[in-house]
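In this note's numbering, the protein residues as written are 436 to 730.
Built from N, CA and C at the ideal position, the CB exists for glycine as well.
Everything numeric in this text was worked out from a predicted model, so none of it was measured.
These notes are about the structure you will find just below.
Quick look at the structure:
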């Protein structure tokens, strides 16, 4: 499905959640939506789904998502980040989704099996009693198994383990025909091979729209995360630009050109007190700019 937004603005009282957003997405494109909390991602998703009215123009395959919502609904699937605490059982929900989509439950069961979720075994359990990972797997089966032409996935694997996350993204890549996909994620390094481009929002405006590689090249920064058992190193790490996080972890965003030098210096200084160190590309300068530091 082709998605077009022209000069889209959405206000909540004095707050402007989306500000003059104009962008087009071709049919079957895969786009990562990134940005800090409050950047406008959720509002943009709700506008595209026809859940919010806005100033400007929104079209999905030339249909208005508000006026033509009934016609678009069977073609769209949405996977929320936070699962609703439903009292219905897994079996009841699976049957309900299949009935609403006028389909059998088999495609849903197939996706669930690929995610190592046995619907027969958990069928009698109320949805709200499942673990966070199991709830996300079930919602993933509902979303990926219904053959939607437009899929919007909001942090779809946040509660899954690494193996399940990889299985989920493998299923997305194999979808045929390929849907138009919007994927909200804080793990851009994990989905970089899944998406065609990245749309970065900040304060309701588009600040970047390009390929993943262009974004990473544009930021030109790296993240260094480390964990130390040497409490006396706290002062040193702070002087080197590291912020203290939970569970003994420290984090710094550095210029990519300085990464090797900083890692060498820190490794030498901490010695045996260094427990773990992780290096990755710093798309966080766009995605995680509002993360809370540990007090």
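Helix, strand or coil for residue i per DSSP?
{"i": "residue 447", "result": "strand"}
{"i": "residue 533", "result": "helix"}
{"i": "residue 590", "result": "coil"}
{"i": "residue 455", "result": "strand"}
{"i": "residue 577", "result": "helix"}
{"i": "residue 711", "result": "strand"}
{"i": "residue 679", "result": "strand"}
{"i": "residue 507", "result": "helix"}
{"i": "residue 626", "result": "helix"}
{"i": "residue 523", "result": "coil"}
If you check the beta carbons only, do residue i and residue j fall under 8 Å apart?
{"i": "residue 509", "j": "residue 536", "result": "yes"}
{"i": "residue 675", "j": "residue 697", "result": "yes"}
{"i": "residue 638", "j": "residue 466", "result": "no"}
{"i": "residue 507", "j": "residue 479", "result": "no"}
{"i": "residue 581", "j": "residue 514", "result": "no"}
{"i": "residue 493", "j": "residue 483", "result": "yes"}
{"i": "residue 489", "j": "residue 445", "result": "yes"}
{"i": "residue 531", "j": "residue 571", "result": "no"}
Between which two residues does the beta strand (DSSP E) carrying residue i extend?
{"i": "residue 466", "result": "465 to 469"}
{"i": "residue 491", "result": "490 to 495"}
{"i": "residue 632", "result": "632 to 637"}
Identify, in the order they occur along the chain, each residue of the same chain with its Cβ nearer than 7 Å to the Cβ of residue i, setting aside the five sequence neighbours on each side.
{"i": "residue 520", "result": "563"}
{"i": "residue 567", "result": "594"}
{"i": "residue 498", "result": "506 and 507"}
Out of curiosity, what's the CA-to-CA distance linking residue i and residue j?
{"i": "residue 462", "j": "residue 524", "result": "35 Å"}
{"i": "residue 529", "j": "residue 699", "result": "53 Å"}
{"i": "residue 481", "j": "residue 715", "result": "31 Å"}
{"i": "residue 607", "j": "residue 688", "result": "31 Å"}
{"i": "residue 635", "j": "residue 584", "result": "23 Å"}
{"i": "residue 603", "j": "residue 548", "result": "11 Å"}
{"i": "residue 645", "j": "residue 458", "result": "11 Å"}
{"i": "residue 576", "j": "residue 701", "result": "44 Å"}
Excluding sequence positions up to five away, which residues of its chain have a Cβ less than 8 Å from the Cβ of residue i?
{"i": "residue 663", "result": "672, 683, 685, 705, 708, 709 and 710"}
For residue i, which residues of its own chain have a beta-carbon under 6 Å away from its beta-carbon, when the five flanking residues on both sides are left out?
{"i": "residue 475", "result": "452, 453, 636 and 639"}
{"i": "residue 544", "result": "554"}
{"i": "residue 587", "result": "480, 513 and 617"}
Where does the unbroken alpha helix (DSSP H) through residue i begin, and where does it stop?
{"i": "residue 483", "result": "476 to 483"}
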